[in-house]
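Following: one structure in structure tokens, then a few remarks.
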Amino acid sequence: MIKYTTEMVCNTNIVEEFKNTSSIHGLSRFGGPELYSRRKLIWIILVLAAASGLFIFVILEFIHLSHNPSITSFTTSIQETIDFPAVTVCNLNQVKSSVLDCFTEEDKLEASKTFYALSELSIILEHFGIRSTQNPIPGDVLYSCARNHSHQIEDMIRYCHFKQELIDCKDIFTPIMTELGVCYTFNKDAKTVAESVGETSGLRFFVNIQQDLYFFSSTIQAGVKVVLHDPSEEPLPSLRGFLVGPGLSAGCSIRKTKVITLPSPYGSCREVSDKLSGVGTYSELTCFKHCFDDYLVQKCGCRHLFSNGKAEFCDSRQLMDCYAEYQKNISRDSDFLHNCSCPPKCKTIKYETSLSYAAFTSNFIASYLFNQSILPSEDYLSRNFIDLRLFYNSMIEEATEEVPEKTVGSILGTVGGQMGMFIGASILSIVEIIEFFCLLMTRGSQKVANGKRRKLGESTDHIDETENTSKM
């Protein structure tokens, strides 16, 4: 520890030394020669004004920093290979009309009313007065019949090609239960990559929607819903994807984009990689779908035939009297909208698509196949078949990333630059100021200590004088 004696410095010497030797611009002018009238006063005003400007700037900088600003950067990179997305294909018809064969004669009407109540047609026609009979069909029976009478892969998906190689469709498509019934997913295990661009390096397959077997469904359209998604996520065809109708050949070019956003305090995204209710990783849409399912389970005490979860399946009475009613009005329920909080995921992979269409076949081909007894009618292909081609149109991968606008380095650089501009100071200048005040405080404490010692000495001298007087 450095000890200072009263003989080393005095306050005036400390101030003078700091003023004359400080690296802060302008201070040395305080004690310089009076070259013109009021020179010292002018320099004092200039230094104080510069210091005030620096102080205001630093305050504004930290106010801006308190709002946690961020910026978005956009980058592109050329890849040798790009992960192919999972491709989920759903027939817009959930169950075939043959589902009624699954029930007894007594239950066929009940089953028909149940599927009708869950269909979009009932909403369009505003038939809300359907009520169940006294003998509802158990939920597990309805589920089993609906699953067994869904469109099977061997009937629905035909002629599969990947990278121009003919493959058995059952080997590359996996059945999956979704809110649109049984769908089929390509690349569910995330092992497929694209090595070049164009249709020759992509996926192609035919879909037979089997329109003659359509029944009451969640939508009145005919065709398929196609969803391109990350293999780790649920497809959620009711919330995303594109439609393709029968009689069309659809070309779908793909562009992969990564979107990275910041969590709190910069944003509101959710930084997770865990699974949501054991099915797929978290995403904003997955969270919303599970909110929807949980809300209806809470209201009806059971789940839809095509919903995931642990609750038991609704029977026909619950589906008609409760589930269908709440499902139709859920978008107007303020409690549901208020309680369902689903922030976006911080890291998301998106597959942007660009679609083009043509007729599945020409009239000549359709007539030829019919005349060759290959087709039952000339319009069979236009009523039932879809040709789907999915491929990358570029090996460029795009990335959009949100990053903090300010970092420790940038803050120090900004403040340091302003310190240099306003008063010509640096970090060492701050050390000089700290040293200056330390010296002043040390000098002050020494003066106090010396004063106490002087008083103590005076008191001792006075006592000695008194004792000597008394002896005399």
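Going by full-length UniProt numbering, the sequence shown opens with residue 1, and the numbers climb by one from there. Virtual Cβ for every residue (Gly too), placed ideally from N, Cα, C.
Assign residue i to one of two classes, buried (16 or more other C-beta atoms within 10 Å of its C-beta) or exposed (fewer than that).
i: D107; result: buried
i: residue 532; result: In the structure displayed, the chain extends from 1 to 472; residue 532 sits before or after that span and is not available.
i: V193; result: exposed
i: residue 482; result: Only positions 1 to 472 of the chain appear in the structure, and residue 482 is not among them; the question remains open.
i: D315; result: buried
i: R240; result: exposed
i: Y357; result: exposed
i: I157; result: buried
i: P376; result: exposed
i: A190; result: exposed
i: Y4; result: Residue placement at Y4 is flagged as unreliable, the pLDDT there being 45, under the threshold of 50; the coordinate-derived value follows with that caveat. So Y4 counts as exposed.
i: G417; result: exposed
i: V431; result: exposed
i: K40; result: exposed
i: Q94; result: buried
i: H67; result: exposed
i: N363; result: exposed
i: D168; result: exposed
i: S77; result: exposed
i: D335; result: exposed
i: S367; result: exposed
i: D333; result: exposed
i: N339; result: exposed
i: P235; result: buried
i: T75; result: exposed
i: F242; result: exposed
i: C145; result: buried
List the residues that DSSP assigns as beta-bridge partners of residue i.
i: Y351; result: K256
i: K225; result: C90 and L243
i: Y184; result: V89 and P175
i: S394; result: According to DSSP, S394 bridges with nothing at all.
i: R303; result: F313
i: A45; result: This sequence places Ile at residue 45; Ala is not what is there. According to DSSP, which records beta bridges pairwise, I45 is partnered with nothing at all.
i: F215; result: Bridge partners of F215: none, in fact.
i: I167; result: C160
i: T72; result: E402
i: Y357; result: A250
i: N208; result: F385
i: S77; result: E397
Helix, strand or coil: how does DSSP classify residue i here?
i: A311; result: coil
i: D379; result: coil
i: R240; result: coil
i: A190; result: coil
i: V197; result: coil
i: K345; result: strand
i: E402; result: strand
i: D293; result: helix
i: R270; result: strand
i: L262; result: coil
i: T286; result: helix
i: F370; result: helix
i: V415; result: helix
i: E7; result: Low confidence applies to E7: its pLDDT is 43, below 50, so where it sits in the model is not reliable, and the reading given next is rough at best. Note: E7 maps to coil in three-state DSSP.
i: S362; result: coil
i: L389; result: Looking at the sequence provided, one finds Arg at residue 389 rather than Leu. Looking at R389 - three-state DSSP - the assignment turns out to be strand.
i: G202; result: coil
i: I430; result: helix
i: V408; result: helix
i: S232; result: coil
i: residue 481; result: As displayed, the chain neither begins before 1 nor continues past 472, which places residue 481 out of reach and without an answer.
i: I82; result: strand
i: Q327; result: helix
i: I2; result: The pLDDT assigned to I2 is 44, lower than 50, so where the model puts this residue is not dependable; a value taken from the coordinates is nonetheless given after this. Coil, per DSSP.
i: H67; result: coil
Answer yes or no: does any C-beta atom of chain C fall closer than 8 Å to that of residue i?
i: Y143; result: In the structure shown, chain C cannot be found, because there is only a single protein chain.
| message | Taking 8 Å as the cut-off, does the segment 213-225 touch the segment 348-363 (at least 3 CB pairs, one atom from each stretch)? | response | Verdict: no, contact absent.
Below 8 Å, how does it come out for the segment 400-407 and the segment 62-73: are there three or more Cβ pairs, yes or no? In short, these stretches touch, since the Cβ pair count reaches three.
Residue ranges of each alpha helix (DSSP H) run of no fewer than 4 residues wholly in the segment 97-164, ordered along the chain? Here the runs fully enclosed are 105-117, 120-124, 139-148 and 153-156.
Quiz item: Given 8 Å as the limit, is there contact between the segment 117-127 and the segment 158-178, that is, 3 or more CB pairs closer than that?
Solution: Contact fails: fewer than three Cβ-Cβ distances are below 8 Å.
Is there contact here, the segment 138-157 with the segment 41-49, by at least three beta-carbon pairs under 8 Å?
-> Touching, no, given that fewer than three Cβ pairs across the two stretches are closer than 8 Å.
If contact is defined by three or more beta carbon pairs under 8 Å, each pair taking one atom from either stretch, is the segment 251-260 in contact with the segment 141-151? No: the two stretches stay apart, fewer than three of their Cβ pairs being nearer than 8 Å.
Requested in this report: Determine contact between the segment 202-211 and the segment 382-391, defined as no fewer than three beta-carbon pairs at a distance below 8 Å.
Outcome: Yes, since at least three Cβ pairs between the segment 202-211 and the segment 382-391 fall closer than 8 Å, the two stretches touch.
So, does the segment 182-190 touch the segment 79-89, judging by three or more C-beta pairs under 8 Å?
The count of Cβ pairs closer than 8 Å, one atom from the segment 182-190 and one from the segment 79-89, reaches three, so the stretches are in contact.
> When the Cβ atoms of the segment 325-345 are set against those of the segment 254-269, are three or more pairs found closer than 8 Å?
Replying inline: In the pairwise beta carbon analysis, the segment 325-345 is classified as touching the segment 254-269: at least three pairs are separated by under 8 Å.
Q | Three CB pairs or more closer than 8 Å across the segment 51-64 and the segment 317-329 | A | Too few Cβ pairs lie closer than 8 Å, so no.
Item checked: Stretch pair the segment 97-113 + the segment 136-146: three plus CB contacts closer than 8 Å -> Contact between the segment 97-113 and the segment 136-146 is present, because at least three Cβ pairs lie under 8 Å.
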